[in-house]
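Engineer: Sharing a structure here in structure tokens format.
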Amino acid sequence: MVDRIILLGDSDVSRWPSSLYPGERCVNIAKGGAVISDMQCQLNDWRDFDERDDESNTLFVACAGENDVSSGQPIDRIQTAFASFLVELFGHKQIITQQQSKHLIFFGPKFEPWLTEDYASRKQYTKLSNALQRTIRKIQVSLKENIVYVDCLTMFCTNETKDIPGAIHGGRALPNRTYFDSDELHLSEQGYKVWRDIVKEEIERINRVT
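When we follow our numbering, the leftmost residue of the sequence shown carries the number 1130, and every step to the right adds one.
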């Protein structure tokens, strides 16, 4: 049963309008410009001030990685940082138990309007998404369904282009500006509504099985 939600990561999360939070008990500790390794710091800073002694029934919602790519970080280094974050959040994989009652929803990188002609960055976003999913699969057996990765690469692309052959690798998937702010980088309210509904649906699933 989820009784609180912790939002962490980069500006995609820090800019999340409070009116569109997926639940009443939400704490947003995300910071603009954050890279994946910063999430570990955010988590530890929050733990230092958390009044509860445990994190049971807590849902963590996170997004980061795009700033890592834009700063030129190698994919394998980003993957290592993500693995370290998961260990920090859930504990070492050898001591994770099936009774784990905390959950993580991680939103992956997304194709944004400013990337339309930047094929090199789009390729890196695709590599990053695949690497993050590989990292999760390595511990998914221990965590069972406690981690949900949301593939956002073409989530906010037009229906006409997102599913055509080569849409991802060939640069044919075109972002739908309806879901983005005027900066062509961050989500608009319409975009956050999509994320909100995904989180709410996952909360309902968690509550049913617990």
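Just so you know, even glycine gets a beta-carbon here, dropped at the ideal spot from N, CA and C.
Since this is a predicted model, take the numbers as computed values, not measurements.
Closest to residue 1165 by C-alpha separation, out of 1151, 1194, 1186, would be which residue?
Structural biologist: Residue numbering aside, residue 1165 sits at position 36 when the sequence shown is read from its first letter. It is 1194.
Engineer: Since residue 1187 sits in a beta bridge, which residues does DSSP pair it with?
Structural biologist: Position 58 of the sequence shown, counted from the start, is the residue given in the question as residue 1187. Looking at the DSSP assignment, residue 1187 forms a beta bridge with 1133.
Engineer: Please report the straight-line C-alpha distance between residue 1254 and residue 1205, rounded to a whole angstrom.
Structural biologist: The count along the sequence shown starts at 1 and reaches residue 1254 at position 125. The count along the sequence shown starts at 1 and reaches residue 1205 at position 76. Cα to Cα, residue 1254 sits roughly 13 Å from residue 1205.
Engineer: Between residue 1252 and residue 1133, what straight-line distance do the alpha-carbon atoms span, to the nearest angstrom?
Structural biologist: For this step, residue 1252 is matched to residue 123 along the sequence shown. For this step, residue 1133 is matched to residue 4 along the sequence shown. Between residue 1252 and residue 1133, the alpha-carbon positions lie close to 36 Å from each other.
Engineer: Please confirm whether residue 1231 and residue 1187 have their CB atoms less than 8 Å apart.
Structural biologist: Here residue 1231 refers to the residue found at position 102 of the sequence shown. Here residue 1187 refers to the residue found at position 58 of the sequence shown. The Cβ-Cβ distance between residue 1231 and residue 1187 falls below 8 Å.
Engineer: Report the three-state DSSP secondary structure of residue 1285 (helix, strand or coil).
Structural biologist: Counted from its first residue, the sequence shown places residue 1285 at position 156. Three-state result, residue 1285: coil.
Engineer: For residue 1286, I'd like the list of residues in its chain whose CB is within less than 7 Å of its CB, leaving aside the five on either flank, ordered along the chain.
Structural biologist: Indexing the sequence shown from 1 puts residue 1286 at position 157. Hits under 7 Å: 1240, 1302, 1303, 1304, 1305.
Engineer: Compute the Euclidean distance between the alpha carbons of residue 1222 and residue 1263, then round it to the nearest angstrom.
Structural biologist: Your numbering for residue 1222 matches position 93 in the sequence shown. Your numbering for residue 1263 matches position 134 in the sequence shown. Any reading at residue 1222 needs caution, since the residue's pLDDT is 46, under 50, leaving its predicted position unreliable; the model's value is listed next. For residue 1222 and residue 1263, the distance between alpha carbons rounds to 15 Å.
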